[in-house]
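Read in my numbering, the sequence shown has 266 at position 256, and its numbers run on one by one without any break.
Everything on this sheet refers to the single structure shown next.
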Amino acid sequence: MMTFDQALPAMTRLILEILGDKCLATGLVLRDAAGTLTFVIRGNYAGSKRAQFDKRVRTVLSAYAELPSATPEELFDDSLKGNTDTILERVSIDETRVVEVRLIDRQIIGQDWTRPNFNPASSLPLLTFFSCKGGVGRSTALAIAASDFSARGKNVFIIDCDLEAPGLGSILLGSMDLPPYGLLDYLIENRMSGVSDDFLEQCLAPSPLTAGRGLIEVMPALGRSGQDSPGSTIPKLGRAYLSQSSNAAEPISYLKQMRSLIERLEKRGRSDVIFVDARSGLSESTAPAVIGLGGDVLLFGVNTPQTIECYGYLLAHLAKFVPEEDNAHDWRAKLRMIHAKAGRGEEAWRPYRELSYEIFAASLYEEEAEPSLSVFNFDIDDPEAPHFPWPIPLDADFAEFDPTNRRSSLQRDFYDRTFGSFVDRLFALSFPEESSPR
11 MMTFDQALPA
21 MTRLILEILG
31 DKCLATGLVL
41 RDAAGTLTFV
51 IRGNYAGSKR
61 AQFDKRVRTV
71 LSAYAELPSA
81 TPEELFDDSL
91 KGNTDTILER
101 VSIDETRVVE
111 VRLIDRQIIG
121 QDWTRPNFNP
131 ASSLPLLTFF
141 SCKGGVGRST
151 ALAIAASDFS
161 ARGKNVFIID
171 CDLEAPGLGS
181 ILLGSMDLPP
191 YGLLDYLIEN
201 RMSGVSDDFL
211 EQCLAPSPLT
221 AGRGLIEVMP
231 ALGRSGQDSP
241 GSTIPKLGRA
251 YLSQSSNAAE
261 PISYLKQMRS
271 LIERLEKRGR
281 SDVIFVDARS
291 GLSESTAPAV
301 IGLGGDVLLF
311 GVNTPQTIEC
321 YGYLLAHLAK
331 FVPEEDNAHD
341 WRAKLRMIHA
351 KAGRGEEAWR
361 PYRELSYEIF
371 AASLYEEEAE
381 PSLSVFNFDI
391 DDPEAPHFPW
401 PIPLDADFAE
411 FDPTNRRSSL
421 QRDFYDRTFG
431 SFVDRLFALS
441 FPEESSPR
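Here it is in structure tokens:
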């Protein structure tokens with residue numbers, strides 16, 4: 011039986027076998043929402059062999075080949091004449107040969123994963139906190155970092171993008187301090203009719219828990235409306251990631267809505283840095299924060315096989331978007347592994363570092379080249395490398411982190427032993443000109 015994973019390699023082999031290398035190089039493969047494949051022929055390379063190709067593809071690919079081949083004109087789609095929205099998929103032909111196939115992957119959900127935007131959405135430092143699994147202390151680290159930055163005089167804006175499992179609202183605001191609305195309401199109303207500046211302000215609230223010199227503002231996932239109308243929350247979630255209608259030919263995707271939100275927040279002129287708490291896992295809501303905002307991405311994880319496996323999937327997907335030429339602002343350099351709930355000392359940290367190096371080397375690092383050529387590669391023990399994890403030691407004092415009832419947990423003398431090194435490095439990353447530790 012043909013499977014999803016086997017279909018694209020099988021079609022690629024048939025393209026090379028029957029139509030030839032030039033036909034593959036000039037054409038592209040279109041994968042529709044159901045997963046069926048069509049080879050889009052561009053140019054005159056197919057010739058009389060097209061009928062033979064169609065017959066073989068239908069036989070080999072079965073359900074994955076409803077329309078084996080077509081031209082842009084036959085599909086009435088002029089966009090297929092160019093390479094907009096194509097990604098270069100590396101396909102293994104056999105044990106010794108890998109070829110690149112231009113692929114357009116059209117999905118009902120998850121489309122943002124195929125259309126990344128690595129350009130910065132803001133001129134402000136922007137930090138995304140992400141983890142493959144929950145329960146690794148990601149939100150705790152974010153809250154402590156925000157408090158630390160505030161104590162250094164920085165105004166911090168925080169967006170809770172974890173719509174399905176919101177947590178920052180209860181950590182940094184408390185139920186009485188929630189704004190009327192949150193990110194979920196913003197997305198719903200913005201898609202329907204656009205959001206005014208006044209409504210945007212009703213989605214934000216200052217955190218009362220920090221006594222720092224800087225302001226901390228929070229856009230929680232859910233506002234008071236979620237408490238007042240709890241029965242509406244799940245129906246709203248089912249519509250949160252739909253594209254926004256527009257007068258343009260293409261609707262505005264969730265990723266574009268998030269970039270627009272970041273731009274609006276920066277224009278308020280009240281923030282020095284933006285923190286984004288991303289949804290755990292590889293869901294649709296994760297894509298904008300990880301590959302859509304152009305900020306630094308902190309990849310939280312614990313030393314378990316599940317963590318490494320998940321990040322292996324993520325990095326393998328990101329490898330499809332590696333810059334083809336030298337780039338002074340290579341997005342790969344903005345990734346950083348974070349070793350959460352780590353032991354203490356080099357002996358405890360090294361195993362996770364080695365595993366992190368393996369998945370980066372397999373996907374994002376380039377092979378060594380001539381000394382005169384620049385390649386994106388690092389030694390396993392290079393502390394500046396993306397794979398080199400920043401450790402946050404396991405500490406039982408943070409097992410039930412609740413700064414609302416224990417304000418001392420946001421004081422430097424309380425968290426320094428566990429989070430001090432992490433927040434110092436994070437501050438240096440965000441404000442290198444002020445990078446000396448407190």
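C-beta: ideal position from N, C-alpha, C; glycine also.
All of these numbers come straight from a predicted model, not from anything done at the bench.
Could you have a look at Glu276 and say whether DSSP puts it in helix, strand or coil? helix
Using only alpha-carbon positions, find the residue among Leu420, Asp426, Thr414 that is nearest to Pro403. Asp426
Counting along the chain, where does the beta strand (DSSP E) carrying Met21 start and finish? No beta strand (DSSP E) holds Met21; the alpha helix (DSSP H) holding it covers 14 to 24.
Measure the C-alpha to C-alpha separation of Val67 and Asp282 and round it to an integer number of angstroms. 56 Å
Which of helix, strand or coil DSSP assigns to Asp195: helix
Taking only three categories from DSSP, how would you classify Ile168? strand
Quick one: Cα of Val101 to Cα of Ala326, how far? 12 Å
Would you be able to state if there are at least three C-beta pairs under 8 Å between the segment 73 to 88 and the segment 134 to 150? no
For Leu40, list the residues DSSP reports as bridge partners. Thr48, Ile114
Could you tell me if Gln212 is buried or exposed, where buried requires 16 or more neighbouring beta carbons within 10 angstroms of its beta carbon? buried
Taking just the CA atoms, how far does Gln16 sit from Pro413? 50 Å
Just how far apart, CA to CA, sit Lys143 and Ile272? 25 Å
If Ala161 sits next to Arg234, beta carbons under 8 Å apart, how far is it from one beta carbon to the other, in whole angstroms? About 29 Å separates the two Cβ atoms, so there is no contact after all.
Bridge partners - His349, DSSP secondary structure assignment: Gly311, Pro401
With a 10 Å radius around its C-beta and 16 neighbouring C-beta atoms as the bar for buried, classify His339 as buried or exposed. exposed
Measure the alpha-carbon distance for Ser382 versus Glu376 and round it to whole angstroms. Note that Ser382 scores a pLDDT of 47, beneath 50, so its modelled location is shaky and nothing firm can be said.
For Thr428, does the three-state DSSP call read helix, strand or coil? helix
Can you check which of these residues, Pro230, Arg278, Arg201, is closest to Asp208 by C-alpha distance? Arg278
Beta-ladder partner(s) of Met229, from DSSP: Ile169
Below 8 Å between beta carbons: does that hold for Phe310 and Ala350? yes
Using 8 Å for Cβ pairs, my map puts Ile168 next to Phe63. What's the rounded Cβ distance? About 54 Å separates the two Cβ atoms, so there is no contact after all.
Keeping to the same chain, check which residues put their C-beta closer than 7 Å to that of Ala297; ignore five residues upstream and five downstream. Asp122, Trp123, Leu265
Answer with buried or exposed for Val3, where buried requires no fewer than 16 other C-beta atoms within 10 angstroms of its C-beta. An answer regarding residue 3 cannot be provided, because it is not within the stretch 11 to 448 covered by the chain.
With a Cβ-Cβ cutoff of 8 Å, do Ile318 and Leu365 count as a contact? yes
Leu159, DSSP secondary structure in three states: Residue identity check: residue 159 is Phe in the sequence provided, not Leu. The answer is helix: DSSP assigns Phe159 an H, G or I state.
The beta strand (DSSP E) enclosing Ile181, as first and last residue numbers: Element bounds for Ile181: n/a, residue is neither H nor E.
Cβ shell of Lys65 (< 6 Å), same chain only, five flanking positions each side left out: none
Start and end of the beta strand (DSSP E) containing Leu210? Segment 207 to 211 is the alpha helix (DSSP H) holding Leu210; no beta strand (DSSP E) there.
Under the three-state reduction of DSSP, which class applies to Phe285: helix, strand or coil? strand
If you draw a straight line from the C-alpha of Phe432 to the C-alpha of Glu174, how long is it? 27 Å
Using only CA atoms, which one of Leu26, Leu137, Pro82 lies nearest to Asp104? Leu26
Within its chain, find whatever has a CB closer than 7 Å to the CB of Pro333; leave out the 5 residues flanking it on each side and keep chain order. Asp340
Flag this pair as yes or no: are the beta carbons of Ala231 and Gly192 separated by less than 8 Å? yes
Got a sec? Which residues, its chain only, sit under 8 Å from Leu77 by beta carbon, not counting five neighbours each side? Thr46, Thr48
Excluding five sequence neighbours on each side, which residues of the same chain lie with their C-beta closer than 7 Å to the C-beta of Gly37? Phe49, Val50, Ile51, Arg52
Can you give me the C-alpha to C-alpha distance between Leu183 and Asp405, rounded to a whole angstrom? 24 Å
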